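Sequential numbering from 1 applies to the sequence shown in the UniProt record's numbering.
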Amino acid sequence: MAAAVAGSRKRGAAAFLDDPLAFPFPFPVDPPRLAKRGRCSPSAVAADVGLSFPLEFDPIDALRLIFPGADPQVLRDYLEASGNVLDAAIRAYKDHLANRNAESTSSITYAPSRNGDNDVVSSKGDAPVGTIPTNGSEWAELVVKEMSSASDLVDAKKRAFRILELFEKSTAQIDHDAKCIQEHKIVKQMLGGLLHQNGVLKRAFLIQHNRLKEYEDMVEERSQFKQIVEKYQEKIKALEEKNYILSFHLQQTNQHSNIYRHRNPDIF
């Protein structure tokens with residue numbers, strides 16, 4: 001009975017191991033060790049699963065992709081100040097850039113005049129009327145309109161500085177939009193990679209869980225087989241004792257029968 005159950009068990013385990021759908025990844029078929037559990041790093045898990053890319057990424061490289069012109073040491077300082085949180089470091093550095101742009105915009109610009117004196121031109125003056133131009137022809141029309149409306153050379157300089165300031169704001173807005181688009185692409189790629197890695201880890205966890213459950217079932221059946229074997233051994237031992245007693249009685253009976261056989265019959 002025990003041999004039949006063990007044979008069916010081996011056939012079931014072999015079918016489970018040979019099933020290509022049960023193991024979509026090339027995991028080793030060695031039984032897991034429950035006594036010692038090693039420490040697993042993400043790179044070790046990736047190597048075990050068979051990934052061609054690491055599960056870890058450098059936050060500094062991600063920040064340099066988002067802010068290509070920034071100093072790596074400054075980015076590292078912002079990352080450490082944000083508690084090594086990538087999103088917080090991105091927001092902090094963007095706030096820093098916004099504050100720096102605001103300070104540079106609100107600063108006072110000095111334009112040299114023809115007589116050598118410095119004419120102070122504030123950036124808080126009246127901006128050119130109308131919306132920000134979007135193409136070259138609109139910018140040309142704006143320059144011609146402002147220059148034709150100037151009353152003298154000083155007024156023309158002020159209007160020219162305001163046009164340049166408006167052009168800088170427009171360029172900064174375009175650069176900001178391009179950076180936002182690039183940042184969105186990078187974050188989207190990182191999110192896609194993380195989702196893929198999460199799916200791989202989930203599948204690996206399910207496979208390991210199924211293997212562990214299979215191993216626990218095998219251990220339980222082995223303990224049951226041990227109990228059955230112990231019971232059969234006890235029965236065999238009891239039968240051997242009975243057999244010995246019966247053989248002893250049979251031997252004594254044969255000896256008595258031989259004694260009675262050699263005696264002369266009584267004559268009455």
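Glycine is no exception: its CB is placed at the ideal position from the N, C-alpha and C atoms.
None of these values were measured; they are calculated from a predicted model.
Alpha-carbon spacing of residue i relative to residue j, whole angstroms
i	j	result
residue 142	residue 76	43 Å
residue 233	residue 209	36 Å
residue 236	residue 219	25 Å
residue 202	residue 213	16 Å
residue 197	residue 189	12 Å
residue 163	residue 178	23 Å
residue 224	residue 250	39 Å
residue 211	residue 217	10 Å
residue 226	residue 238	18 Å
residue 98	residue 176	10 Å
residue 229	residue 222	10 Å
residue 241	residue 256	23 Å
residue 252	residue 243	14 Å
residue 136	residue 167	11 Å
residue 101	residue 204	49 Å
residue 151	residue 134	27 Å
residue 191	residue 181	15 Å
residue 144	residue 161	14 Å
Beta-carbon gap between residue i and residue j smaller than 7 Å
i	j	result
residue 86	residue 59	yes
residue 62	residue 78	no
residue 66	residue 174	no
residue 207	residue 170	no
residue 138	residue 159	no
Coarse secondary structure for residue i, derived from DSSP in three states
i	result
residue 71	coil
residue 134	coil
residue 229	helix
residue 200	helix
residue 193	helix
residue 84	coil
residue 150	coil
residue 61	helix
Sequence-distant residues of its chain with Cβ nearer than 7 Å to residue i (five each side left out)
i	result
residue 95	none
residue 172	101
Contact set for residue i: own chain, Cβ-Cβ below 8 Å, skip 5 residues either direction
i	result
residue 64	70, 72, 75
residue 149	159
residue 90	63, 66, 183
residue 84	59
Neighbourhood of residue i by C-beta distance below 6 Å, restricted to the same chain and skipping five residues each side
i	result
residue 195	none
residue 88	82
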